[in-house]
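In the working numbering, the protein residues as written are 2 to 994.
In structure tokens:
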């Protein structure tokens, strides 16, 4: 029998969460919610009346000092009571924890005999009408995709207090149905209708390839021998769609492209951008490095691995979770961060998790326009994503050390949610290199961690197409960081005990993907889905196979170590299930008990997808060239305005909600300076506390240049990432890269009439990656692409600007030699390294002023690399006290950020700035020319510092002052003289929520 326990704060206790909710309602919706009190509701099934009385009496689910609880509805004099709970099948992490707690306290051995469902009850004391409160529910407190809500007025509550007990439970019976798909008799129109109706994201050519496979005589004979029909089963079609999805196979990056450059008149054929521009580039760099090659494992595992020291290697992976985050920002982002945690966990023999990174791209949180169907307000997306990553990282005990936020209104259709994780692998595991792994025939297939539900079904294929009004809700999952943490701890123990031979995560495609990929080691597998642990009954075999329900890993466990592995899992309260074994049969063989579910040739499953044949045409877009020239008397106010612009202003509101200190290894933190509110250029982490060696992490992201030329967008992103790492003391000759492409649909079609141009942009970005990785000697070790970042609905199509996040991971041999961006003491000299050009296209100043410019920043890699090497040597020699890169906002903003970090002033002469070409004072201040840095140097070290840069473009442009003012002079006249505190206020006010 279902019973409810309601928990609320005692009347004399301030409800801080309620206050936060009221403020959020006012800020997001402009409604005055008055006083809000929060009540937590636990709906419990499986306990008798005496046990429920014990739960309340012993305060099992609440703090008796601050809270009180009742089996009856709590008294309320609120004007409105709004209750929000999950829909059936949605992961309820708090409910699961409550269930486990009840079982422990009450001594119930079978915790699954209890079910707990949680809800939040908001008691609003306000004068709003029902329509306004309904709006609060729909537009802020409940996401109707995954949640339901109920509402009562004061009068309704008085007449009938409380809400009925409701279980968010999926009901159903065990289902072994395997459907046969009549593919062989379908017309072309029927094939495409079937693909669309089932979210397969397969093209007609791919459907033809699948049909041709089933028409082969050898395939028919093999299937008949196993008792399977000539036509495919639903599970086979679903497994092929998942394995061949854009998300998993990267078909556009692997396509054959007819590329025409109308600017040069050249035409060529590109056979796989990935192989020619990324994989081959890394291969070339590694060959150049020779004995100094620090790469361990690239492009063949869940994360890229490089050397760290004699005892450990380090790995990195960055993923995107864009499509789910558009539908459910909290669940999508939470799943993104805990999902990417599993990538290092499943790299080599398994990595200990060191830290997280995150980069987000949103439309303006102050968006005031009408929202197209099914899109959430950007502020709500931002808050949900922030909270999801916060809960995923903080609750897993993994520090979030580096990140940024980009605002651009074309991200309204799909936000970009990049999540990254760094791990550390022992150099040797069981006598073999820790970064290697290989399943063997006869090894047991063991799934550990969470159970399987319908959440996440079609995640891989869903993310391979554009977002639209009918996008499937099942593609959304909610991660459970606590279950994953227990699983992680168990796996690390098992690794060190040598209990398995290979491991990977159950990400996109679930068991279909993880087992299918691992079976490539042995040449086959046999998997019994009837053994799989389910969250609830009712899943069909293909749904069990394809579900992307979270917190699961697949391991290959030798039969002679299986008992020890299962015993360890039991001791550590981690669910582990033997689902089958790896074979050398050549087939991906799936059953449900005795029923045949799938029997696919391994070669066809992994290599049968036809290569796409695409066309790309480059024509340079025309942009008018405007000049930016503000009067001298407006320069100070404009600098304050720039400091408060969305892409420059402080992100402290977000940063402070992430734990970057857990594990105690952070050296250079996200915020630096005397008040810990200045921006850092990169993160430095010390993963082994008995060593002074550290990891440097940075990134570059410059979508604002894509509209001009994606080549220079990519070049600037790479340069920014390298420059940021060097700015804190990173070695430019020991850096690895991770490329994450997010693109609008680049395939020409009726829906995408400019596909040829968008694909040409992709070609140019890849060519830039090739050129500048080679120039800087930075090998890409991992990467990912997301190629359908468009939204269509309500007669509107919104496509993101082509966006690449380029992350850099390097090694610093002594973290004590790192530097930060804040000025340290008055009297030190300020040097500007690098040339400033009139390159204002895409700049923050041009965007703030609404002026079109034509010249995008270009990168001179040879000069930049010489500069970075010289700076690295100067930092190691102790000659540099502060260093900051010039990026968004150029020279003026970089100076202001260094001043506010140190709460010191500066006086600079703009006539000393090294320039190339004619420009106005405003253009000089806000040009975003690449490869430039500001440094401060003690006067006693000036000669040695200048000697290190002999023959390069640099100048001493001023000095640090104690007057607390940023002063910029030209021709002896101060054109800017701003209080540093006023600049700090402007910097922090915009997102001071």
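Where is the CB? At the ideal position from N, CA and C, for every residue including glycine.
Original post:
Start and end of the alpha helix (DSSP H) containing residue 492?
Top reply: Counting along the chain, the alpha helix (DSSP H) containing residue 492 begins and ends at 482-497.
Original post:
So, are the CB atoms of residue 415 and residue 758 less than 9 Å apart?
Top reply: no
Original post:
Out of curiosity, what's the CA-to-CA distance linking residue 413 and residue 500?
Top reply: 47 Å
Subject >> Bounding residues of the alpha helix (DSSP H) (the contiguous stretch that carries residue 205) >> reply: 205-216
**OP:** Leaving aside the five residues before and after residue 874 along the sequence, list all residues of the same chain whose C-beta is less than 7 Å from its C-beta, in chain order.
**Re:** So the list reads 949, once near-sequence residues are dropped.
Original post:
Do residue 966 and the ligand SAM come close, with the Cβ less than 8 Å from some heavy atom?
Top reply: Within the structure as shown, the ligand SAM is missing, as the structure has no ligands at all.
Original post:
Between which two residues does the beta strand (DSSP E) harbouring residue 427 extend?
Top reply: 417-427
Subject >> the stretch 788-802 contacting the stretch 688-702, beta-carbon criterion three pairs below 8 Å >> reply: no
**OP:** Count the C-beta pairs between the stretch 112-123 and the stretch 163-170 that are closer than 8 Å, then say yes if the count reaches three, no if not.
**Re:** Judged by pairs of C-beta atoms under 8 Å, the stretch 112-123 touches the stretch 163-170, as three or more such pairs exist.
Original post:
CA-CA distance, residue 1 and residue 183?
Top reply: Nothing can be reported for residue 1, as the shown portion of the chain is limited to 2 through 994.
Subject >> Buried versus exposed call for residue 124 [16 or more other C-beta atoms within 10 Å across all chains shown] >> reply: buried
Original post:
Within 10 angstroms of its Cβ, does residue 314 collect 16 or more other Cβ (buried), or is it exposed?
Top reply: buried
Subject >> DSSP-derived helix/strand/coil call for residue 286 >> reply: Here residue 286 sits in helix by DSSP.
**OP:** Give every residue of the same chain whose Cβ lies closer than 6 Å to the Cβ of residue 223, excluding the five residues on either side of it in the sequence, and list them in chain order.
**Re:** none
Subject >> the stretch 376-388 / the stretch 522-542 touching (three or more Cβ pairs under 8 Å) >> reply: no
**OP:** Within its chain, find whatever has a CB closer than 7 Å to the CB of residue 942; leave out the 5 residues flanking it on each side and keep chain order.
**Re:** 880
**OP:** Can you tell me which of the three DSSP states residue 13 falls into?
**Re:** DSSP places residue 13 in the coil class of the three-state scheme, outside both helix and strand.
Subject >> Element boundaries [beta strand (DSSP E), containing residue 521] >> reply: Per DSSP, residue 521 belongs to no beta strand (DSSP E); it is in the alpha helix (DSSP H), 511-523.
Subject >> Local conformation of residue 474 per DSSP, three classes >> reply: Because residue 474 carries a pLDDT of 44, less than 50, the predicted location of this residue cannot be relied on, and no value is offered for it.
Original post:
So what does DSSP say about residue 966, is it helix, strand or coil?
Top reply: strand
Original post:
Helix or strand or just coil, what does DSSP make of residue 621?
Top reply: coil
Original post:
What residue does the alpha helix (DSSP H) around residue 249 start on, and which one ends it?
Top reply: 247-250
Subject >> Coil, strand or helix - residue 437 by DSSP >> reply: In the structure shown, residue 437 sits in coil (DSSP, three-state: anything other than H, G, I, E or B).
Subject >> Element boundaries [beta strand (DSSP E), containing residue 116] >> reply: 116-126
Original post:
Among 374, 601, 296 and 391, which residue has its Cα nearest to the Cα of residue 244?
Top reply: Looking from the CA of residue 244, the closest CA among 374, 601, 296 and 391 belongs to 601.
Original post:
Taking Cβ to Cβ, would you say residue 406 is nearer than 9 Å to residue 361?
Top reply: yes
**OP:** Could you check which residue in 742, 911 and 730 has the C-alpha nearest to that of residue 719?
**Re:** 742
Original post:
In terms of residue numbering, what span does the beta strand (DSSP E) encompassing residue 714 cover?
Top reply: Careful: residue 714 lies outside any beta strand (DSSP E), inside the alpha helix (DSSP H) at 711-728.
**OP:** Check residue 841 in the structure and name its three-state DSSP category.
**Re:** coil
Subject >> Contact set for residue 131: own chain, Cβ-Cβ below 6 Å, skip 5 residues either direction >> reply: Residues of the same chain with a CB within less than 6 Å of the CB of residue 131, apart from the 5 flanking positions on each side, do not exist.
Original post:
Got a sec, what are the start and stop residues for the alpha helix (DSSP H) residue 834 sits in?
Top reply: From DSSP, residue 834 is part of no alpha helix (DSSP H) but of the beta strand (DSSP E) over 830-834.
**OP:** Measure the alpha-carbon distance for residue 276 versus residue 109 and round it to whole angstroms.
**Re:** 56 Å
Original post:
Can you pull the DSSP bridge partners for residue 743?
Top reply: Beta-bridge pairing links residue 743 to 787 and 804.
Original post:
For residue 819, which of helix, strand or coil comes out of DSSP?
Top reply: coil
Subject >> Pairwise C-alpha distance: residue 549 and residue 237 >> reply: 17 Å
Original post:
Would residue 875 count as contacting chain B if we go by Cβ distances under 9 Å?
Top reply: No chain B appears in this structure, which consists of one protein chain only.
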